[in-house]
Structure formats: C-alpha cells, structure tokens
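Engineer:
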Amino acid sequence: MSVRATARITAALDGRGTTSLPVLEGDGPLAPRRTRTTPGSGARVTVVGAMSAPLGGDRLTVVTHVGEGARLTVDSAAATVALPGEVREPATYGIELSVGERAELRWLPEQLVSAHGSALHMTTRVRLAPTARLVLREEQILGRHAETTGTLISRLTVHRAGRPLIDQQLAYGPGAPGGWDGAAVLGGRRAVGQLLVVEPAFDEKCPEARVLGDTAVLTPLAGPAVLVTALAPDARRLRGVLDEAMNDLLDARAG
C-alpha cells in the first residue's frame with residue numbers, strides 16, 4: 103500500500119523580531135521538529151523519518167515558506183533511502199520552497215540514497231523574492247554499499263523575482279538515458295551533489311568560475327548565484343567538498 107504524506111513548515115518574524123514557526127506539521131513518514139540553534143541564527147527544523155519511505159508508489163511532499171525577514175535552516179535526522187515496494191510505479195518526492203524579501207533559507211538535508219530496485223522521481227521547486235538568500239544542498243548516493251543504483255530522476259527549478267534562475271534535470275540508473283555512467287559523466291562514481299548559493303550581494307561581486315579539486319566545479323549563474331557541482335567515490339568525500347565550498351562562499355558573502 104502506497105503512502106501519501108505532506109509536511110508543512112512556515113517561518114515568520116514575531117513581534118520581537120525573532121523567527122517563529124507558526125506552522126510545523128507533518129504526517130506519515132514526515133515529522134518536522136524544531137531543534138536547537140545558536141542565538142541570532144534564526145529557527146532550525148529537523149525532518150525526522152517516522153517510517154521507511156519513499157517506497158514504490160509513495161507520494162511525499164514538503165512545503166516550506168520563509169516569510170519576510172525570517173531566517174530558517176532545515177535539515178534531516180538521517181539519510182533518505184528510496185526503496186523498492188510492492189507497488190511497481192515510481193515514488194515521488196516533491197519539495198516546494200518559497201523565501202520572502204530579506205529572508206534566508208538554508209536547505210541542508212542529509213543524503214538521498216537510491217537503493218537497488220527502487221524508482222524515485224524527485225522535484226525541488228524554489229521561489230525567491232529579489233532580496234531573498236538561499237543555501238541549498240543536494241546529495242545523491244547511487245546504491246547502498248556494494249550494490250547498483252536504482253532509478254533516480256531529480257529536477258531542480260529555481261525562480262528569482264519571477265524569472266528563471268536555474269532549471270535542470272538529472273537521471274541515473276535503469277531507464278536513464280545512455281551514457282549517464284560514462285567517463286564524461288560519472289565515470290563510475292556513486293556520489294553526486296550540488297550546492298546552490300543565491301546571494302543578492304553577488305550582483306556587485308560574484309565569485310569567479312573555478313575548478314574545486316579533481317571532480318568539482320564552481321559556476322556563476324546568470325543572476326546573483328553560484329552553483330557547485332561535485333562527484334566523489336563516496337558520501338563522506340562528497341560532503342567534504344560541498345562543506346568546504348559552502349564555507350568559502352559564506353565567508354565571501356560576509357566579506
């Protein structure tokens with residue numbers, strides 16, 4: 103039996119100028135919980151998996167809105183593992199994010215693992231106000247230890263001030279276009295990720311394109327944003343590359 107579940111998170115400034123969470127709810131396998139954060143860094147929410155998901159046929163959705171001037175970090179308690187289920191149709195996981203004027207969202211979930219035999223279509227749609235800030239990290243691990251990957255199709259679409267900033271789709275595993283694992287694409291690596299940083303200050307001075315190590319690159323976008331794309335042999339080394347890039351970009355923003 104397939105599962106349909108939605109989590110909703112809304113962050114807003116209260117009367118004291120502190121980020122509050124007027125909406126924090128979820129059902130089925132999606133359980134968002136407020137967690138501790140450092141003073142002055144806004145609110146933090148951790149999504150806890152209450153059951154195994156997504157399985158074949160599941161329909162999961164996370165809707166997050168950050169209101170004007172609020173600051174929110176969303177992470178997860180553990181990796182999300184896409185698994186095969188009794189239902190043969192693919193599972194879907196939809197993430198809908200919106201960030202208001204002078205607001206900031208850091209979307210930093212743990213890795214998504216595509217287990218052998220699974221099929222998952224994942225979509226992330228982001229709407230940003232002109233002065234919004236965004237740090238978004240995505241990491242996909244293609245197969246658990248010593249197994250081949252399932253089918254994973256992932257699409258990221260971001261609009262800023264109503265205009266497209268990035269729209270890209272990646273596909274891996276059985277049924278994906280030929281060549282996805284070739285030498286010019288993954289070259290046998292099983293950890294792939296990206297880091298998107300949208301920062302209004304980059305309108306004035308944007309980091310330049312550069313290579314980050316052997317299998318990562320930083321690319322400025324046509325807007326105040328940069329995209330880091332990285333490959334690695336495993337999840338640990340992928341996270342290390344993305345964390346280093348994120349720290350450098352946040353330091354550049356502060357400077």
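Numbering (our numbering), first residue to last: 103 to 357. Beta carbons are placed, not taken as given, at the ideal position from N, Cα and C, and that holds for glycine. None of the values given here were measured: they were computed from a predicted structure.
1) With distances taken Cα to Cα, identify the nearest neighbour of glycine 144 among Pro134, Val176, Thr182.
2) Among the residues of its own chain, which have a CB less than 6 Å from the CB of threonine 226, if the five just before and after it don't count?
3) Buried or exposed: where does alanine 332 fall if 16 or more other Cβ atoms within 10 Å of its Cβ makes it buried?
4) Please indicate yes or no: does the CB of aspartate 316 lie closer than 7 Å to some heavy atom of the ligand MN?
5) Is the beta carbon of tryptophan 209 closer than 8 Å to that of leucine 162?
6) Excluding five sequence neighbours on each side, which residues of the same chain lie with their C-beta closer than 6 Å to the C-beta of glutamine 271?
7) How long is the line joining the alpha carbons of serine 362 and glutamate 212, rounded to whole angstroms?
8) For the candidate residues Lys307, Asp129, Val147, whose alpha-carbon lies nearest to that of arginine 135?
9) Touch check for the region 154-173 and the region 103-119: three-plus C-beta pairs under 8 Å?
10) Using the rule of at least 16 other Cβ atoms within 10 Å of the residue's Cβ for burial, across every protein chain shown, is proline 124 buried or exposed?
11) Taking the continuous beta strand (DSSP E) assigned at glutamine 270, which residues delimit it?
12) Which one of Leu288, Leu214, Thr321 has the shortest CA to CA distance from glutamate 57?
13) Closer than 7 Å by C-beta to alanine 355: which residues in its own chain qualify, once you throw out the five before and the five after it? Chain order, please.
14) In angstroms, rounded to a whole number, what distance separates the CA positions of proline 279 and threonine 121?
15) Give me the Cα-Cα distance between threonine 137 and glycine 130, rounded to the nearest whole angstrom.
Structural biologist: Taking the geometry as given:
1) Sequence index remark: in the sequence shown, residue 144 carries index 42 (1-based). For glycine 144, the nearest C-alpha among the options comes from Val176.
2) Residue mapping note: residue 226 aligns to position 124 of the sequence shown, counting from 1. Counting only Cβ-Cβ distances below 6 Å, and skipping sequence neighbours, we find Ile197, Leu258.
3) As a working mapping, residue 332 is identified with position 230 in the sequence shown. With 16 or more Cβ atoms within 10 Å of its Cβ, alanine 332 is classed as buried.
4) In the structure on display, the ligand MN does not appear, and there are no ligands present to speak of.
5) The residue labelled residue 162 in the question sits at position 60 within the sequence shown. The residue labelled residue 209 in the question sits at position 107 within the sequence shown. Not closer than 8 Å, so no.
6) Mapped onto the sequence shown, residue 271 falls at position 169. Within the same chain, glutamine 271 has close Cβ partners Arg257.
7) The chain is shown only over 103 to 357; residue 362 falls outside these bounds and no answer can be derived.
8) On the sequence shown, residue 135 is found 33 positions in, with the first residue counted as 1. Closest by alpha carbon: Val147.
9) yes
10) If you number the sequence shown from 1, residue 124 lands on position 22. Burial call: exposed.
11) The sequence position of residue 270 within the sequence shown is 168, counting from 1. Here the beta strand (DSSP E) through glutamine 270 covers 265-274.
12) No statement about residue 57 is possible, as the shown extent of the chain runs from 103 to 357 and does not include it.
13) In the sequence shown, residue 355 corresponds to position 253, counting from 1. Reading the sequence as shown, one finds arginine at residue 355 and not alanine. The residues are Glu301, Ala303.
14) Walking along the sequence shown from the start, residue 279 turns up at place 177. Walking along the sequence shown from the start, residue 121 turns up at place 19. Approximately 44 Å, taken between the alpha carbons.
15) Numbered from its first residue, the sequence shown carries residue 137 at position 35. Numbered from its first residue, the sequence shown carries residue 130 at position 28. In a straight line, the C-alpha of threonine 137 is about 20 Å away from that of glycine 130.
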